[in-house]
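Reviewing the structure listed below.
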Amino acid sequence: MEIKEIERSIIKKFRKEIWGRFVSSVYDYKLIEDGDKIMVCISGGKDSFLLAKCIQELEKHGHINFSARYIVMDPGYNVINRKLIEENAKKLNVPIEIFESDIFDIVSRDDMKSPCYLCARMRRGFLYSKAKELGCNKIALGHHFNDVIETTLLSMFYGSEIKTMMPKLYSENFLGLELIRPLYKVHEEDIIAWCKFNELNFINCACRFTENCNINDESNSKRLEMKNLVKQLKEKNENIDYNIFKALDNINLNCVLGVKKDGIYQSFLDNYEKEN
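Note that this note's numbering has the sequence shown beginning at 2, numbered continuously upward.
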């Protein structure tokens with residue numbers, strides 16, 4: 002498939018499912034604004050490459066004056082995966098810049114209990130440092146709608162709290178840097194459909210111990226459990242995932258036992274007598 006046809010498919014064939022939801026996320030949550038310098042993080046997977054193409058299209062067709070750098074951090078990919086990332090970037094006309102790290106060497110030690118968790122934390126640190134080096138004020142990641150739902154359910158079922166993956170947040174350790182998720186409303190099934198339509202093949206986890214990561218890492222297995230749960234629930238109610246998403250934007254504080262903000266807990270009993 003030619004690059005112009007791939008780009009056109011985002012705007013035309015998948016206008017409602019991908020482009021419309023991408024633009025809605027950008028404008029509704031004020032993710033990209035005039036003057037922004039954005040570091041678009043590309044892992045080599047389908048989500049991050051679609052994110053790169055959407056941001057490129059926004060630069061061309063949108064009404065926001067911003068700039069973007071397309072960064073790939075190589076944590077120790079094997080030759081095949083590194084080559085596939087480079088080939089996909091060329092095929093999709095994404096001007097990637099690659100920098101190296103030794104993350105895979107560190108997290109692949111035999112005594113590492115949760116390598117995927119540590120890998121994610123280390124990646125984030127390397128990427129924030131790179132963004133500061135490049136003079137960027139925002140980092141764009143490819144998390145999508147399904148990631149939001151699964152994270153919410155994980156927090157409820159295994160973390161005993163209601164919280165979700167936010168569309169944007171400021172870094173606690175890197176002053177002036179903001180993380181944004183422009184694919185926030187885009188569904189994974191539509192990303193997969195876009196890939197199949199354009200006959201695109203991307204890497205998945207790509208780490209040197211992918212099999213162990215997928216099978217043994219507790220956080221990863223629990224996320225798969227949530228994904229399967231939502232799939233089962235949608236068989237009875239096709240709007241179940243949207244309802245979960247909407248509920249997070251429609252919390253009735255009169256009907257919750259307690260809330261926590263900035264680490265401070267407040268029970269409904271604190272003001273119960275005063276209000277009655």
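Beta carbons: idealized from backbone N, C-alpha and C, even for Gly.
In this text the structure is predicted, and so the values were computed from the model without any measurement.
With DSSP run on the structure shown, which of helix, strand or coil describes residue i?
| i | result |
| --- | --- |
| GLY259 | strand |
| GLU212 | Note that GLU212 scores a pLDDT of 40, beneath 50, so its modelled location is shaky and nothing firm can be said. |
| SER25 | helix |
| ARG182 | coil |
| MET40 | strand |
| ILE204 | coil |
| ILE33 | coil |
| ILE230 | Looking at the sequence provided, one finds Leu at residue 230 rather than Ile. Reduced to three states, the DSSP call for LEU230 is helix. |
| ILE163 | coil |
With distances taken Cα to Cα, identify the nearest neighbour of residue i among the options.
| i | options | result |
| --- | --- | --- |
| ASP103 | LYS247, TYR159, ASP35 and LEU119 | LEU119 |
| GLU173 | TYR71, ASP263, VAL108 and ILE86 | ASP263 |
| MET74 | PHE100, SER222, LYS47 and LYS237 | PHE100 |
| ASN94 | GLU8, ALA248, VAL231 and ASN272 | GLU8 |
| GLU162 | GLN233, LEU258 and ALA121 | LEU258 |
| LYS14 | ALA194, ASN205 and MET227 | ALA194 |
With a CB to CB cut of under 6 Å and the five nearest residues on each side skipped, what residues in its chain are close to residue i?
| i | result |
| --- | --- |
| TYR185 | SER26 and PRO168 |
| HIS188 | PHE146 |
| SER268 | GLY259 |
| ILE4 | ASN94 |
| GLU87 | none |
What distance in whole Å lies between the Cβ atoms of residue j and residue i, which are believed to be in contact at a cut-off of 8 Å?
| i | j | result |
| --- | --- | --- |
| PHE246 | ILE181 | Not quite, the Cβ-Cβ distance comes to about 18 Å (not below 8 Å), so this is no contact. |
| THR153 | LEU249 | 6 Å |
| SER49 | GLY160 | SER49 to GLY160, Cβ: 26 Å. No contact. |
Could you pull out every residue in the same chain whose Cβ sits closer than 8 Å to the Cβ of residue i, ignoring the five residues on either side in sequence?
| i | result |
| --- | --- |
| ASP106 | GLY77 |
| LEU178 | TYR129, ALA132, LYS133, CYS137, ASN138, LYS139, ILE140, TYR171 and SER172 |
| GLU98 | ARG70, TYR71, ILE72 and VAL73 |
Sorted by chain position, which residues of the same chain lie with C-beta nearer than 7 Å to residue i's C-beta, five sequence neighbours on each side aside?
| i | result |
| --- | --- |
| ILE12 | TRP20 and GLU58 |
| LEU135 | MET40 and ARG70 |
| TYR266 | GLY259 |
Answer yes if the segment 60-70 comes into contact with the segment 163-172, meaning at least three C-beta pairs across the two stretches below 8 Å, and no otherwise.
-> no
Take every Cβ of the segment 192-205, pair it with every Cβ of the segment 122-131, and state whether three or more of those distances are shorter than 8 Å.
-> Taking a contact to require three or more Cβ pairs closer than 8 Å, the segment 192-205 and the segment 122-131 do not qualify as touching.
Evaluate contact between the segment 136-143 and the segment 222-229, counting only Cβ atoms and requiring at least three cross-stretch pairs below 8 Å.
-> Not touching, per the Cβ criterion.
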